[in-house]
Amino acid sequence: MSYEKQTWNKYDDLKTEEENIENGAVVTDNRMNHMESGIGDNDANLASHLADKNNPHKVTAAQVGLGNVQNFGLATEDEAKQGISNAKYMTPSLTQAVLSANINSIAYANSLDGTDGFTTVYPNLNLLDGTRDFSGNWISLNGWTTDGTYKGLTVKKRTGKGTGFYKVFTAPADGTYTFSSYLKSSGNGGNITRWVNTNGVDGVGTVTLTSNFDWMIDTFSASLKAGDKVFVRYEITSDGTGLDIWNAGHKWEQGSTATPYMPSASEATTADWPKYVGFSNTVKTNKSASDYTWFPVKDSELTNKVDSHVNNKANPHSVTASQVGAYSKQEIDAKLSKAVMADDSGKVSIGTLDSNTLTVQGTKIYPNTKDGVWTVERLFDNEYRLTTVMSVSEAVAYAWNSLFISSPITHTAIPSGYIELSFTSSMANTSSLMWCAPDTNTSFRIVSGEKSQGASRKVIVTVYATK
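Per the working numbering, numbering of the sequence shown is gapless, rising by one per residue and ending at 537.
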């Protein structure tokens with residue numbers, strides 16, 4: 071409420087007290103209470119005004135120097151990557167992320183101009199067999215007819231309601247897996263249901279689609295445990311006229327991203343992989359094939375060159391004796407005294423030499439020893455080289471640019487008492503383009519030009535240590 075102002079008159083000494091009170095010249099309890107009430111109301115009004123954060127003075131953007139700033143919201147990461155909105159702001163960190171994702175990008179295709187099979191995601195192998203032509207143990211194919219091909223894959227068609235066909239996938243390990251397939255439907259007003267059955271129960275991943283759509287990729291991801299049995303089937307689940315569905319190219323793969331269709335490892339040939347790789351350093355979102363420079367993928371040529379180099383035992387790098395910590399022939403000749411030689415052949419014949427340390431011309435020579443699975447060479451007083459051969463079985467399945475790598479592999483623990491300084495690792499038995507690369511101070515990864523499942527492989531590990 072607003073404060074009602076009171077009228078105050080001058081005190082008249084010629085009048086009585088009662089007359090001055092009546093004339094409004096004397097402070098009374100009523101007048102004091104009226105003042106107190108007014109002060110309280112004004113205090114409450116001021117507090118309410120100060121707490122009002124909804125621009126009570128109607129200040130405009132122009133009044134605070136922001137007249138030229140548009141009232142835009144912040145872009146999401148997806149909106150930033152699409153790059154089609156002119157009514158969003160981007161933070162510096164989001165700008166850097168989008169630019170990084172669109173500079174020096176790589177794409178793959180099946181034609182020199184990049185238009186055939188263009189993709190920025192390198193395809194993973196299918197974990198399900200027989201998906202190209204529905205060969206093998208597919209269930210409930212009765213009622214489905216073969217209706218040509220799509221993208222080189224056999225197409226199955228069904229008219230009207232009925233059971234969907236499927237093939238069971240068994241998860242090889244704990245993790246996230248992605249299913250994808252090509253799907254098409256005709257007829258209006260119908261329902262197409264994608265049933266997802268896990269360990270005998272229809273549930274997570276099951277969705278209903280509205281009929282009458284052209285070929286599309288239907289995909290979803292699921293978290294599975296090793297040994298889980300999953301299958302996907304498509305069915306028309308409503309009555310209607312002209313309801314048909316077409317299905318092709320079932321695929322299961324590890325990870326949360328659906329990559330282009332591929333057959334399984336046992337079925338894939340060179341012809342199934344992308345034929346060309348494209349590189350682009352253009353700063354642009356939503357790049358197309360024309361934004362890339364395309365080159366043929368020469369896997370076989372590269373493999374032959376690397377294999378030839380690996381199998382070259384004629385010292386192709388011209389390594390010298392000093393580089394591997396050994397004496398040259400001339401140095402050995404100088405170290406050996408002619409007095410202990412039987413003849414001028416340079417040879418010394420010794421039956422049995424039993425010694426922990428052999429000193430020749432002031433230089434100590436130490437014999438090799440065995441400590442568990444490690445062969446130990448004592449190079450100097452407190453410098454050791456330990457060597458062992460590890461058996462590894464990790465799959466080389468994680469995409470790394472155009473290569474594939476395994477998960478980190480920690481080398482066998484060295485014997486107690488040794489302090490590791492460094493280590494090296496190399497493949498001992500592989501016929502494929504495959505090598506080892508360091509990962510941490512005690513682990514490495516297997517690198518390959520092609521994706522491969524787990525298999526028994528030998529890795530030579532050499533550790534340099536002190537005590």
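The beta-carbon is built from N, C-alpha and C at its ideal position, and this holds for glycine as well.
Keep in mind that this is a model prediction, so the values were computed, not measured.
Fill in: Cα-Cα separation between Leu-195 and Gly-187, rounded to whole angstroms
Our two residues, Leu-195 and Gly-187, have alpha carbons roughly 16 Å apart in a direct line.
Worksheet item: Can you tell which of Lys-537, Ser-255, Phe-239 and Ile-209 has its C-alpha closest to the C-alpha of Lys-227?
Response: Residue Ser-255 is the option with its Cα nearest to Lys-227.
Discussion item. Per DSSP, what are the beta-bridge partners of Phe-290 in this structure?
Written reply: Phe-290 is bridged by DSSP to Phe-249.
Discussion item. Along the chain, where does the beta strand (DSSP E) containing Glu-490 start, and where does it finish?
Written reply: That run of the beta strand (DSSP E) goes 489-497.
Discussion item. Suppose you measure from the CA of Asp-288 to the CA of Thr-201; what does that come to, to the nearest Å?
Written reply: Asp-288 and Thr-201: Cα-Cα distance of roughly 15 Å.
Practice prompt. Work out the CA separation of Thr-536 and Ile-489 for me, nearest whole Å.
Written response: Going by the C-alpha atoms only, they are around 5 Å apart.
Fill in: Sequence-distant residues of the same chain with beta carbon closer than 6 Å to Thr-352, five excluded per side
Hits under 6 Å: Asp-361.
Discussion item. Please report the distance separating the alpha-carbon of Pro-330 from that of Gln-523.
Written reply: Answer to the nearest angstrom: the Cα atoms are 19 Å apart.
Worksheet item: Do you know whose CA, among Asp-403, Asn-212 and Ala-318, lies nearest Thr-219's CA?
Response: Of Asp-403, Asn-212 and Ala-318, the residue nearest in Cα terms is Ala-318.
Worksheet entry | Own chain residues within Cβ distance below 6 Å of Gly-259, not counting five before or after | Here the set comprises Gly-310.
Worksheet entry | Distance, Val-389 Cα to Glu-401 Cα | Rounded to whole angstroms, Glu-401 and Val-389 show a C-alpha spacing of 17 Å.
Worksheet item: From Ala-465, Ala-467 and Leu-491, pick the residue whose C-alpha is nearest to that of Asn-452; which is it?
Response: Comparing Cα-Cα distances from Asn-452 to each of Ala-465, Ala-467 and Leu-491, the minimum goes to Leu-491.
Discussion item. Between which residues of its own chain and Gly-257 is the CB-CB distance below 7 Å, once the five residues before and five after are set aside?
Written reply: Closer than 7 Å at Cβ, skipping near neighbours: Ser-281, Asn-282, Gly-310, Thr-311, Gly-312, Leu-313 and Asp-314.
Fill in: Buried or exposed (CB count within 10 angstroms, at least 16 for buried), Ile-484
Classification for Ile-484: buried.
Worksheet item: When the Cα of Ser-163 is compared with those of Lys-80, Ala-179, Leu-144 and Asn-269, which residue comes out closest?
Response: Out of Lys-80, Ala-179, Leu-144 and Asn-269, Leu-144 has the C-alpha closest to the C-alpha of Ser-163.
Worksheet item: How would you label Ser-358, buried or exposed, when you count the other beta carbons within 10 angstroms and need 16 or more for buried?
Response: Ser-358 comes out exposed.
Worksheet item: From what residue to what residue does the beta strand (DSSP E) around Glu-447 run?
Response: Counting along the chain, the beta strand (DSSP E) containing Glu-447 begins and ends at 444-450.
Fill in: Distance, Pro-126 Cα to Val-266 Cα
Cα to Cα, Val-266 sits roughly 57 Å from Pro-126.
Discussion item. What does the alpha-carbon distance come out to for the pair Asp-83 and Asn-90?
Written reply: Going from the Cα of Asp-83 to the Cα of Asn-90 covers about 9 Å.
Worksheet item: Do you know offhand how far Asn-212's Cα is from Thr-510's?
Response: Between Asn-212 and Thr-510, the C-alpha separation is close to 55 Å.
Worksheet item: Phe-239 to Ala-341, Cα distance in whole Å?
Response: Whole-angstrom Cα-Cα distance: 25 Å.
Practice prompt. Can you tell me the Cβ-Cβ gap for Tyr-236 and Arg-303, rounded? I've got them flagged as a contact below 8 Å.
Written response: A Cβ-Cβ distance of about 4 Å is found for the pair Tyr-236 and Arg-303, placing them in contact under the 8 Å criterion.
Worksheet entry | Length of the line joining the Cα atoms of Met-160 and Gly-325 | Whole-angstrom Cα-Cα distance: 29 Å.
Worksheet item: Going by beta carbon distance, what residues of the same chain come within less than 8 Å of Ile-262, once the five residues before and after it are set aside?
Response: Closer than 8 Å at the Cβ level, and outside the excluded window around Ile-262, lie Leu-253, Ser-255, Thr-278, Leu-279, Thr-280, Ser-281, Tyr-304, Glu-305, Ile-306, Thr-307 and Ile-315.
Practice prompt. Label Phe-450 either buried or exposed according to how many other C-beta atoms from any shown protein chain fall within 10 Å of its C-beta, with 16 as the threshold for buried.
Written response: Its Cβ having fewer than 16 others within 10 Å, Phe-450 is exposed.
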